[in-house]
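Below you'll find the structure, written out as structure tokens, and then a few comments.
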């Protein structure tokens, strides 16, 4: 980190956090950001991108008193960035504000009266304060757009355009995204001025440290299989489901089976959500059942397993989900349950993840390539999925569904 010419205060804070070597996204982004250039960056989740923009932002304030607005898609991500910011700035007094839904407006107004130099927030609440006149952003020097792909997926484009009207024309913009589809590339031309394009790792791909596995299974068998998987696994687990209701129900069912589980979803208050996340961080409960929105951006390094109890509706969300594990170079495990009605959705995920592969078959393999997890039979449409825990091969041919017990070589 010393090679970046960061202020001494930052170097000391990072050493206290045992951060001495930069990740690849940090190596490429920090020098560019520190000279004032715009950045359009894509990197896999868990690659260290939060510090890739926070360190230049803090350094710019220490040296030039530059103010920054950081826009993120979810409350949890905003709170997480705020926590990281506070750790890095412990030795340097730097006022900040977090503007998110689910928290009292009047408390946020108090934060804003203290003239914060870094403002972290979700687009909806930022607009609330702009319309109230409690927030002025016409002198912002740096704008950070984090998880841009997710903000657009969540329908925040109009909100971002509204916020853009209040920002000064001359400013630095740092845009980060886990994926980089064409519509983000096109939109970047509107927000960024001659940006430096940074790509770390393969976009639309999971980190190599994540071992991906799948089980082809009927819906009625899912819960029984889930409890078996949990009994056979060690470490913390995030289980993804489709809806808020199913998150609450599944957590309740797991508790009945003596598993320490809690649910996080949009119907919880911000305080309740923070309590669940903190409890999971401290390993007070081993299992967190989550919806996509609630778990987006969570950085909990000890998460060893992600289980897709329900497949996501959007293929890109598959990458965001499994990116909750295998962070910062750690080994992670991702397991997906595929019911008969999920086959078309699973094919779309496969096309996204294996885009550009030269192999004749579309495959998900485990880290050691020992077992084929998703394959196309030559000359037909039948799919085969291997259950890694009991060597069952489940076959779905489009019209029939059966479980065949056989040895897997």
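Residue numbers (the working numbering): 208 to 616. Note that the Cβ used here is the ideal one computed from N, Cα and C, for glycine as well. Every value quoted in this text rests on a predicted model; they were computed, and no experiment measured them.
- Per DSSP, the unbroken alpha helix (DSSP H) holding residue 558 starts and ends at 550 to 560.
- Residue 308 and residue 544 have their alpha carbons spaced roughly 33 Å apart.
- Judged by DSSP in its simplified three-state form, residue 314 adopts helix.
- Around the Cβ of residue 401, a 10 Å sphere holds fewer than 16 other Cβ atoms; the residue is exposed.
- At the C-beta level, residue 220 and residue 296 come within 8 Å of one another.
- Excluding five sequence positions before and after residue 541, the CB atoms of its chain that fall closer than 6 Å to its own CB belong to 417, 419, 513, 529, given in chain order.
- Per DSSP, the unbroken alpha helix (DSSP H) holding residue 286 starts and ends at 282 to 295.
- For residue 396, the number of other beta carbons within 10 angstroms of its own is below 16, and it is reported as exposed.
- For residue 217, the three-state secondary structure derived from DSSP is helix.
- Of the residues assessed, residue 330 falls on the buried side of the cut-off, its CB having 16 or more other CB atoms within 10 angstroms.
- Taking each of 447, 485, 500, 482 in turn and checking the Cα distance to residue 473, the smallest one comes out for 500.
- Rounded to the nearest angstrom, the gap between the Cα atoms of residue 515 and residue 289 is 28 Å.
- Bridge pairing for residue 251: absent [DSSP].
- Beta-bridge partners assigned by DSSP to residue 407: 250.
- Annotation: the continuous beta strand (DSSP E) that includes residue 494 extends over 494 to 497.
- In this structure the stretch 220 to 235 lies against the stretch 250 to 268, because at least three pairs of beta carbons, one per stretch, are closer than 8 Å.
- Contact check between the stretch 373 to 391 and the stretch 245 to 254: three or more CB pairs, one atom from each, fall below 8 Å, which counts as touching.
- Bridge pairing for residue 325: 275, 303 [DSSP].
- The shortest C-alpha to C-alpha distance from residue 449 to any of 436, 497, 406, 509 is the one to 497.
- Under the DSSP definition of a beta bridge, residue 259 lacks any partner.
- Pairing residue 437 with residue 494 gives a Cβ-Cβ distance under 8 Å.
- Selection 298, 335, 300, 301 evaluated against residue 315 yields 335 as nearest (Cα-Cα).
- Contact between residue 319 and residue 342 holds, since their C-beta atoms are separated by about 6 Å, short of 8 Å.
- Per DSSP, the unbroken alpha helix (DSSP H) holding residue 355 starts and ends at 355 to 360.
- Within the same chain, and ignoring the five residues on either side of residue 446 in sequence, the residues whose Cβ sits closer than 6 Å to its Cβ are 496, 514, 516.
- If you draw a 10 Å sphere on the C-beta of residue 298, you find fewer than 16 other C-beta atoms in it, and that means exposed.
- The beta carbons of residue 276 and residue 347 sit about 5 Å from each other, so the pair counts as a contact at 8 Å.
- When the beta-carbon positions are compared, residue 534 and residue 506 come within less than 8 Å of each other.
- By the neighbour-count criterion, in which a residue is buried when 16 or more other Cβ atoms sit within 10 angstroms of its Cβ, residue 375 is exposed.
- Per DSSP, the continuous alpha helix (DSSP H) segment holding residue 437 begins and ends at 429 to 438.
- At the C-beta level, residue 527 and residue 357 come within 8 Å of one another.
- In the three-state DSSP reduction, residue 466 falls in the coil class, being neither helix nor strand.
- DSSP places residue 539 inside the beta strand (DSSP E), whose first and last residues are 539 to 545.
- For residue 492, the CB contacts under 7 Å within the same chain, skipping 5 residues up- and downstream, are 467, 468, 469, 486 in chain order.
- Annotation: residue 364 is outside any beta strand (DSSP E); the continuous alpha helix (DSSP H) that includes it extends over 364 to 373.
- Going by C-alpha positions, residue 431 is about 22 Å away from residue 510.
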